[in-house]
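Notes follow once the structure below has been shown.
There are 2 protein chains.
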Amino acid sequence: MIFIKIILGVDHQGIKIKDSIIEYLKKNAINVECSELKNFDADDYPDFALDVCKKVLNENCLGILICGSGIGMSIAANKVKGIKCARVFDENDAFTAKNHNGANIIAFGINLDLEKIYKIIDTFIATKSPCEERHLRRIKKIDKIEQGLYDEL
Amino acid sequence: MIFIKIILGVDHQGIKIKDSIIEYLKKNAINVECSELKNFDADDYPDFALDVCKKVLNENCLGILICGSGIGMSIAANKVKGIKCARVFDENDAFTAKNHNGANIIAFGINLDLEKIYKIIDTFIATKSPCEERHLRRIKKIDKIEQGLYDEL
Numbered sequence: 009m010i011f012i013k014i015i016l017g018v019d020h021q022g023i024k025i026k027d028s029i030i031e032y033l034k035k036n037a038i039n040v041e042c043s044e045l046k047n048f049d050a051d052d053y054p055d056f057a058l059d060v061c062k063k064v065l066n067e068n069c070l071g072i073l074i075c076g077s078g079i080g081m082s083i084a085a086n087k088v089k090g091i092k093c094a095r096v097f098d099e100n101d102a103f104t105a106k107n108h109n110g111a112n113i114i115a116f117g118i119n120l121d122l123e124k125i126y127k128i129i130d131t132f133i134a135t136k137s138p139c140e141e142r143h144l145r146r147i148k149k150i151d152k153i154e155q156g157l158y159d160e161l
Numbered sequence: 009m010i011f012i013k014i015i016l017g018v019d020h021q022g023i024k025i026k027d028s029i030i031e032y033l034k035k036n037a038i039n040v041e042c043s044e045l046k047n048f049d050a051d052d053y054p055d056f057a058l059d060v061c062k063k064v065l066n067e068n069c070l071g072i073l074i075c076g077s078g079i080g081m082s083i084a085a086n087k088v089k090g091i092k093c094a095r096v097f098d099e100n101d102a103f104t105a106k107n108h109n110g111a112n113i114i115a116f117g118i119n120l121d122l123e124k125i126y127k128i129i130d131t132f133i134a135t136k137s138p139c140e141e142r143h144l145r146r147i148k149k150i151d152k153i154e155q156g157l158y159d160e161l
């Protein structure tokens, strides 16, 4: 059995569905760690995005980020070198994000219903990383952009 | 009247709806420039994402990126300093992306229907940039992450 760990990050919006997601992951024997602040009066999504990104990179695992829409989280996370974060809406997105684009984090908003979220998470975890040449070639180009090596694309 | 310019970038998937979008923008008196390769046999979304990002930054305008899902484009674009790219699905997303998160580029896939895409584009263009303190504070934190100034968040 492969050991899988998920780092979950939520802001004051995402926290509304946090417990359900943690419960679902634990029920499925997935190790989960949650990044959240204690004071939710003025918390900012980039704080959680950065914290989750650091942990995903350190532990070489996967991440899930939840805010109101998933937009802010996905932008903030992609600013971290080594992270590829996809804002997703359904299982197809989760598959594409991981298998084509090499995403190690997915982000979504609290507007998705929980049954859909569980399917997204299952797919994200079960999907294999990219192996086709065209996907790897494109990911390598993202890495070049990330490093500012624009002339090497 | 405010002069608005859109830089559009498409890969071999996005090219399928490129002409319809250019036609729509021109009909609405929006200046549009398109980034695309001549050879679409093996084109890679990061090439178009980078080209559009550079032009958006140089001309201080807005960008639209279209690939199969919008995921790859959005990840690649967010790797460029100064760019905030949101993968969007509807007008609400377009509003949030620009007004809350300060997005200067939106990305989407070819699975959206054209009428929805036109509404997304209208909203993205018409929506004001962030002015509320909480949004500006969070955007500033994204900028710190982008600069690697993690301790200053």
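Protein sequences appear in the order of chains A and B. When you read off a place in the first sequence, starting at 1, and then add 8, the result is the number in my numbering. When you read off a place in the second sequence, starting at 1, and then add 8, the result is the number in my numbering. Every residue, glycine too, gets a C-beta built ideally from N, C-alpha and C. Note that the structure is a prediction, hence the values are computed from the model and not measured.
Residues I12, I14, I38, L70 of the same chain have their beta carbon placed closer than 8 Å to that of A:I133, with the five preceding and five following residues left out of the count.
Contact note: B:K87 reaches chain A through N86, I150, I153, E154, using a C-beta cutoff of 7 Å and chain order. Listed as beta-bridge partners of A:C69 by DSSP are no residues whatsoever. The Cβ of A:H108 sits closer than 8 Å to at least one Cβ of chain B. For B:I91, there is no enclosing alpha helix (DSSP H), as DSSP marks it with neither H nor E. The Cβ atoms of A:I147 and A:G110 sit closer than 8 Å to each other.
Taking 8 Å as the threshold, the shortest C-beta distance from A:S82 to chain B falls below it. For the 8 Å CB-CB criterion, B:K152 and B:E160 form a contact.
Contact of A:F97 with chain B by beta-carbon distance below 8 Å involves F97.
With respect to A:K92, A:I150 sits close: the two C-beta atoms are nearer than 8 Å.
Closest option to A:H20, judged by alpha-carbon separation, among A:E31, A:I30, A:F56: A:F56. In this structure A:I74 does not touch A:I30 by the C-beta definition: roughly 11 Å separates them, more than the 8 Å allowed.
B:L16 is bridged by DSSP to B:C42, B:I72. B:K92 has a beta carbon lying within less than 8 Å of a beta carbon in chain A.
With distances taken between CA atoms, A:A105 lies nearest to A:K136 out of A:Y32, A:K136, A:Y158, A:N119.
The beta-carbon distance between B:E99 and B:I128, rounded to whole angstroms, is 6 Å. This is short enough to meet the 8 Å contact definition. Between the alpha carbons of A:L33 and A:D27 lies a gap of roughly 10 Å.
Apart from sequence neighbours up to five positions away, the residues of its chain that approach B:P138 with a beta-carbon distance below 7 Å are N107, H108, G110, L144, I147, ordered along the chain. Going by DSSP, B:F97 is part of no beta strand (DSSP E) at all; its letter is neither H nor E. Among the residues facing chain A, B:S77 is included, as its CB has a counterpart in that chain under 8 Å away. The C-alpha of A:L120 lies about 34 Å from the C-alpha of B:K62. Below the 7 Å Cβ cutoff, chain B contributes R146, K149, I150, I153, L161 as neighbours of A:P54, in chain order. Between B:D51 and A:S77, the C-beta spacing is not below 8 Å. In the assembly as shown, A:R142 is an exposed residue. Its beta-carbon has fewer than 16 other beta-carbons within 10 Å. Neighbourhood of B:T104 in chain A, by CB distance below 8 Å: G76, S77, I79, in chain order. Taking 8 Å as the threshold, the shortest C-beta distance from A:L58 to chain B falls below it. Looking at the backbone, the Cα of A:E123 and that of A:F97 are separated by about 12 Å. Look at B:G156 here: in three-state DSSP terms it is coil, with no helix or strand label.
In the structure shown, A:F116 falls within a strand segment according to DSSP collapsed to helix, strand and coil. Here B:Y158 is exposed. Its C-beta has fewer than 16 other C-beta atoms within 10 Å. A direct Cα-Cα distance of roughly 12 Å separates A:Y126 from A:K35.
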